[in-house]
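In the numbering used here, the protein residues as written are 2 to 289.
Reviewing the structure listed below.
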């Protein structure tokens, strides 16, 4: 239908058909994608303390090979700001200076601007006292009284109660980030699998009951944040599946998390370089 008697009776239609047949119609072009401006926030699970090499400020015990840095080398953002800091709680992200051994650091959210397009956050362990409590539960015997029993009083689990109490705190944090960077993709990055069912006493000095208890509390924290991410229409990146079999009980060359005594350059009970690399690379694949 590109020629013939239509020319006389329907000149406008013929003109339109001519454009269609010759392929010279104007096409809309999408604007170029906005350059990635990435801000990483969080605690020591993100900062990877004592993993070479140290990044400033020294008081945050942050590594140049933490998972945000690994991710950055994969996605090459136009701008990367890593404000993760060991010891951080949610209030150090949203509201107050964090006091460190090298002086105070500003609230992490100060790094977020209207130009920010990607934000990762790992937070919560210090809010509910998981790291500090677990570090005090070393057992000298597999038959030692479980440390976990002291966290339950009158049928109330203290750590579970703290997790529940912090869900609205984490929700407010997400709202604060969104208020500063309305178009940013926000990803809550969960905690790794730290220890397998039953633990591995005596390789790691924690009783089977305590091993299961502390991992269950990490799972509870991750699961509550996962649901919060759904409620807030943001992402939750679950690192537990990728770290199964790579917990502190794994052989040293397969271990993503250090045990009570670190065998790699990393802080005890924290991710090592392999763990940070695994999370950073998995996040890069997730963002494709």
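We put the CB at the ideal spot given by N, CA and C, even for glycine.
Span separating the alpha-carbon of residue i from that of residue j
{"i": "residue 45", "j": "residue 241", "result": "17 angstroms"}
{"i": "residue 288", "j": "residue 83", "result": "18 angstroms"}
{"i": "residue 34", "j": "residue 116", "result": "13 angstroms"}
{"i": "residue 81", "j": "residue 216", "result": "32 angstroms"}
{"i": "residue 254", "j": "residue 141", "result": "26 angstroms"}
{"i": "residue 139", "j": "residue 118", "result": "42 angstroms"}
{"i": "residue 195", "j": "residue 227", "result": "18 angstroms"}
{"i": "residue 91", "j": "residue 113", "result": "15 angstroms"}
{"i": "residue 272", "j": "residue 243", "result": "13 angstroms"}
{"i": "residue 107", "j": "residue 97", "result": "7 angstroms"}
{"i": "residue 93", "j": "residue 174", "result": "10 angstroms"}
{"i": "residue 104", "j": "residue 281", "result": "28 angstroms"}
{"i": "residue 234", "j": "residue 264", "result": "39 angstroms"}
{"i": "residue 168", "j": "residue 43", "result": "16 angstroms"}
{"i": "residue 252", "j": "residue 47", "result": "23 angstroms"}
{"i": "residue 129", "j": "residue 160", "result": "6 angstroms"}
{"i": "residue 209", "j": "residue 72", "result": "35 angstroms"}
Where residue i sits in the DSSP three-state scheme
{"i": "residue 214", "result": "helix"}
{"i": "residue 184", "result": "coil"}
{"i": "residue 26", "result": "Legend: pLDDT at residue 26 = 43, less than 50; position of this residue unreliable, value from coordinates given subsequently. Reduced to three states, the DSSP call for residue 26 is coil."}
{"i": "residue 287", "result": "helix"}
{"i": "residue 231", "result": "helix"}
{"i": "residue 203", "result": "coil"}
{"i": "residue 219", "result": "helix"}
{"i": "residue 158", "result": "strand"}
{"i": "residue 270", "result": "coil"}
{"i": "residue 253", "result": "helix"}
{"i": "residue 52", "result": "coil"}
In DSSP terms, what residue i is bridged to
{"i": "residue 275", "result": "DSSP, once it has assigned bridges, lists no residue as partnering residue 275."}
The beta strand (DSSP E) enclosing residue i, as first and last residue numbers
{"i": "residue 68", "result": "That residue, residue 68, is in no beta strand (DSSP E); its alpha helix (DSSP H) goes 68–76."}
{"i": "residue 80", "result": "80–83"}
{"i": "residue 41", "result": "38–43"}
{"i": "residue 261", "result": "Residue 261 -> no beta strand (DSSP E), and no H or E assigned at all."}
{"i": "residue 236", "result": "236–238"}
Residue i Cβ short of 7 angstroms to the ligand MG heavy atom set
{"i": "residue 215", "result": "This structure does not include the ligand MG; it has no bound ligands of any sort."}
Extent of the continuous alpha helix (DSSP H) run through residue i
{"i": "residue 243", "result": "241–244"}
- Item | Segments assigned beta strand (DSSP E), at least 3 residues, entirely inside the stretch 87–155 | Secondary structure in the stretch 87–155: the beta strand (DSSP E) runs of 3 residues or longer, each lying completely within the stretch, are 99–101, 104–106, 119–123 in chain order.
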